[in-house]
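Here's the structure, in C-alpha cells; my notes come after.
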Amino acid sequence: MKPVDALLEILRSEGVQHVFGNPGTTELPLLDALVDAPDLRYVLGLQEASVVAMADGYARATGRTAFVNLHVAAGLANGLIGMLNASRSRTPMVVLAGQQDRRHLQADPMLSGDLVGLAAPVAKSAVEVHQAYDLPVLLRRAFALARRPPAGPVFVSVPMDVLEEESSIVVPPPSRVAGPGAVNDHADAVRLLTGAASPVIVAGDGVGREGAVDALVAVAERLGAPVWSQPMHDGVNFPGTHPLHLGMLPPRHSAIRSALEPHDVVLIVGCHAFMPHHYTPGPAIPEGTAVVQLDSDPDEPGRNFPVAAGLIGPLGPTLRTLDAALAEALASPPSAGAPGAAGPVGAAGPVGAAGPVGTDAAARIRERAATVGARTRADRAAIDQDARERYGPAPLDPLAAMHALADGLPPDAVVVEEAITAGLALRSVLRPERPRSYVHTVGGGLGWGIGAAVGTRIGDPSRPVVAVLGDGSAMFGLQGLWSAARYGVPVTFVVVNNGEYRTLKDTLDGSKSRSTERGEYLGLDLPGLDWCAAASTFGLASTRVKNAAELHAVVAGAGDRQTPLLVEVPVTTHAHSPLTAASGASSAEAT
C-alpha cells in the first residue's frame with residue numbers, strides 16, 4: 001500500500017468526509033489519489049486563509065475534526081491566521097502540508113522552508129514525517145490530539161516523495177479512548193454555591209462546544225443565579241432568551257470586575273481566562289469574591305486567578321453531578337459541622353454566612369431569580385425600543401440594522417459573525433436559543449467569516465446560514481466568495497458597509513488622541529468599496545438594501561435560498577452615528 005492510500009484509509013476511519021484545500025505541486029499525489037475516492041470530497045478555496053476558515057466552520061457545525069491540506073511554506077503561512085483563530089476557538093482540525101521532495105531539500109528548493117517552525121506557535125503539535133512507515137502513526141496521533149481537550153489544530157508536514165514511496169505500510173485501527181470521568185469531589189463547590197448570598201455564573205465557550213448548555217441551565221435555575229456569557233463568546237453557551245441571562249461580559253478586566261462586584265461567589269464554566277481586548281489595571285475577579293471553576297482542561301482551573309474550588313471533567317456530566325449534589329444540599333437542613341452551617345470559606349475569606357442553606361432556600365432562590373428576570377426583561381425591552389426608534393432609510397444606524405437583521409432571521413438560522421463594531425450591536429439584540437445558532441471566533445484574525453460561513457453550511461445543510469460581516473473584515477477573506485459560488489453554497493452574506501475601520505476610530509476616541517481632536521484619522525477610511533460589483537466578480541447575486549424593512553425581508557428569505565446572495569447594508573459612519581451604551585458598548589468600548 002502506498003503511503004497516500006494509507007492516508008486516505010485513515011481519513012475515512014477518522015470520519016473525514018471533506019478535504020479543504022488549495023493545492024500546489026507537493027500536493028499532487030494526494031489530489032491524484034482522490035480521483036478514485038469519491039467519498040472524500042475535495043473543497044477548493046482560492047486562498048489558504050479562506051480554506052482554513054471553511055474547515056473551522058465545518059468542524060464547529062458537525063462536531064467532527066476537520067482535515068485541511070495546504071501547500072508548502074507559502075501556503076502554510078497564508079493559513080496561519082486561520083490556525084490561530086482555530087487555536088483560540090479550540091476548533092479540532094488536522095492541517096497537513098506538502099513539503100518539497102526530501103532528495104533536494106539541501107538545495108533549498110523554491111517554496112521549501114521550516115514548516116514545523118512556522119506552524120508550532122499556532123498548533124497544539126507540529127511534526128514532519130521523515131519515513132513513510134511513520135505516516136500512519138503520526139496521523140492517528142494528530143487526530144487524537146486535535147480533539148483532546150483543549151481541542152485545536154495539529155500540523156503534519158509530509159514531503160512529496162513520502163506520499164509516493166513504495167513501502168509496506170500497516171494502518172493501525174483508530175483508538176477509542178474515553179475522556180476522564182466527572183470529578184466527584186465537589187463538596188467545596190457545593191458548600192460555596194449553596195452558602196452564597198449572591199452567586200453568579202460565567203458561561204464559557206466550552207459549554208457550547210461540549211453540548212452542556214442544558215446542564216448549565218439546570219444548575220443556574222437550581223441556584224436562581226444570573227448568568228453572563230464570557231467576553232466575545234464564540235457560540236451559544238446559554239439560551240439568549242432565558243430570564244437569567246444577562247448578556248456578554250465586556251472584554252476588559254475593569255468592566256468584568258464591575259459586573260461581578262455585587263456577587264460573593266462566581267461559578268466559571270468552560271472559560272479560558274477572559275481574554276481581554278484592551279488593558280485595564282487590576283484583576284478581573286473582585287476582591288472578596290470566591291471562584292468555583294469547572295473545566296475539561298486540567299490546566300485551566302487556577303491558571304489565571306485563585307480558585308476556592310476547582311472541578312475537572314467533561315462539562316455536561318460534571319454539571320449534572322454538581323446539580324444533583326446541589327439539589328440534595330438545598331433540600332437538607334444544616335447540622336453542626338455540615339456544609340453551609342457556618343458559611344463556607346472562599347479564597348478571600350468567609351462567604352455566604354447569610355446563605356440559603358438552613359433557611360427557606362426555595363423561597364430565597366425564587367426571589368433571586370424573579371429579581372434577575374425583571375432586570376433582563378426591562379433591559380431587553382429598552383434596547384429593542386431604542387433600536388426601533390433608530391429605523392430609517394439607508395445609510396442605516398448600525399443598531400437599527402442589526403435589530404432588523406436579528407428580527408428577520410428564520411427560526412433555525414445560524415449566524416456567522418465577523419463584524420467587529422456592528423457585531424457588538426448585534427450581540428445586544430440577537431438572542432439565540434438553539435446551540436450552534438451563533439458562530440464567532442475570538443481568535444481575532446480577520447478574514448475568517450466568509451470561509452467559516454461556507455464551511456458551516458457544508459457541514460450542516462439543514463440550517464440556513466447568514467454571515468454578518470464588516471466591510472473591513474470581509475476584504476481579508478474575499479476569495480471565499482468564489483468557493484460559495486463554485487459549489488452553490490446558499491449562504492446569505494450580509495456586508496455591513498460603513499467605509500471605515502470604525503473600531504479603531506472608536507478606540508482612539510476613548511483616549512486623548514490627536515486624531516480625535518483634529519477629526520483626522522490616518523489610514524482608517526475605506527472609500528469606494530462596491531460590494532455588489534465584488535459579488536458579480538465571483539458570480540454571486542447581490543442586492544443593496546435601501547431601508548431596514550428591505551434588510552428584514554431579505555434575511556427572512558434565507559431559509560428558502562438555493563444559491564448564495566450578497567447583501568450590502570450601507571450604515572452611518574463614525575462621525576454621524578456613534579454606537580451608544582444602549583447597543584452594548586460606549587464609543588470608548590466598541591472593539
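Numbering follows the UniProt record's numbering, with no gaps: position 29 of the sequence shown is 29.
Quick reminder that beta carbons are idealized off the backbone N, C-alpha and C, glycines included.
Practice item. Kindly indicate which three-state DSSP category Ser229 falls into: helix, strand or coil? Key: Strand.
Practice item. Answer with buried or exposed for Ala401, where buried requires no fewer than 16 other C-beta atoms within 10 angstroms of its C-beta. Key: Around the beta carbon of Ala401, a 10 Å sphere encloses 16 or more other beta carbons of the protein chains shown; the residue is thus reported as buried.
Check your understanding: Can you list, in chain order, the stretches of the beta strand (DSSP E) that have 3 or more residues and sit fully within the segment 468 to 553?
Key -> Counting only runs of 3 or more, we get 491 to 497, 541 to 544.
Review point. Can you name the start and end residues of the beta strand (DSSP E) that Asn69 belongs to?
Key: 66 to 71
**Study point:** DSSP state of Ser167 mapped onto helix, strand, coil
**Key:** coil
Exercise for review: For the UniProt domain "Thiamine pyrophosphate enzyme central" (188 to 322), list the beta strand (DSSP E) runs that are entirely contained and at least 3 residues long, ordered along the chain.
Suggested key: Fully enclosed beta strand (DSSP E) runs of 3 or longer: 199 to 203, 227 to 229, 245 to 248, 265 to 269, 290 to 295, 309 to 312.
Review point. Among Gly447, Arg320, Arg514, Gly98, which one has its Cα closest to the Cα of Pro159?
Key: Distances from the alpha-carbon of Pro159 to those of Gly447, Arg320, Arg514, Gly98 put Gly98 closest.
Exercise for review: Taking Leu565 as part of the beta strand (DSSP E), name the residues at either end of that continuous run.
Suggested key: 565 to 570
Check your understanding: How close, in whole Å, do the beta carbons of Val68 and Leu96 come, if the pair is a contact with beta carbons under 8 Å?
Key -> 7 Å
Practice item. Have a look at Val442 and Gly519 and give me their C-alpha separation to the nearest angstrom. Key: Here the C-alpha atom of Val442 lies approximately 31 Å from the C-alpha atom of Gly519.
Point to revise | Sequence-distant residues of its chain with Cβ nearer than 8 Å to Pro173 (five each side left out) | key: Ser13
Check your understanding: Measuring CB to CB, does Ala126 end up less than 9 Å from Val154?
Key -> yes
Check your understanding: Buried or exposed: where does Val137 fall if 16 or more other Cβ atoms within 10 Å of its Cβ makes it buried?
Key -> exposed
Check your understanding: Which word fits His130, buried or exposed, when buried means at least 16 other C-beta atoms lie within 10 angstroms of its C-beta?
Key -> The residue is exposed, with fewer than 16 neighbouring Cβ atoms inside 10 Å.
Practice item. Pull up the distance between the alpha-carbon of Gly346 and that of Ala394, whole angstroms please. Key: In this prediction, Gly346 has a pLDDT of 35, which is less than 50 and means its spatial position is unreliable; what the coordinates show is noted afterwards. The alpha-carbon atoms of Gly346 and Ala394 are separated by roughly 54 Å.
Practice item. Can you have a look at Asp506 and say buried or exposed, based on whether 16 or more other CB atoms are within 10 angstroms of its CB? Key: buried
Exercise for review: Would you please state the rounded distance, in angstroms, between the beta carbons of Val269 and Ala203? I believe it to be under 8 Å.
Suggested key: That pair is a contact at about 6 Å.
Check your understanding: Between the C-alpha atoms of Arg364 and Arg436, what's the straight-line distance to the nearest angstrom?
Key -> 33 Å
Review point. Between which two residues does the beta strand (DSSP E) harbouring Arg41 extend?
Key: 41 to 44
Point to revise | Check whether Val292 and Leu267 have beta carbons under 9 Å apart | key: Going by C-beta atoms, Val292 is nearer than 9 Å to Leu267.
Exercise for review: Report the rounded CA-to-CA distance for Pro283 versus Gly247, giving the unit in angstroms.
Suggested key: Going by the C-alpha atoms only, they are around 21 Å apart.
Review point. Touch check for the segment 409 to 429 and the segment 20 to 36: three-plus C-beta pairs under 8 Å?
Key: no
Point to revise | Option in Phe238, Pro3, Gly447 with minimal Cα separation from Glu165 | key: Pro3
Practice item. Below 6 Å CB to CB, which residues in the same chain sit around Leu70 once its five sequence neighbours on both sides are set aside? Key: Glu48, Leu76, Gly79, Ala97
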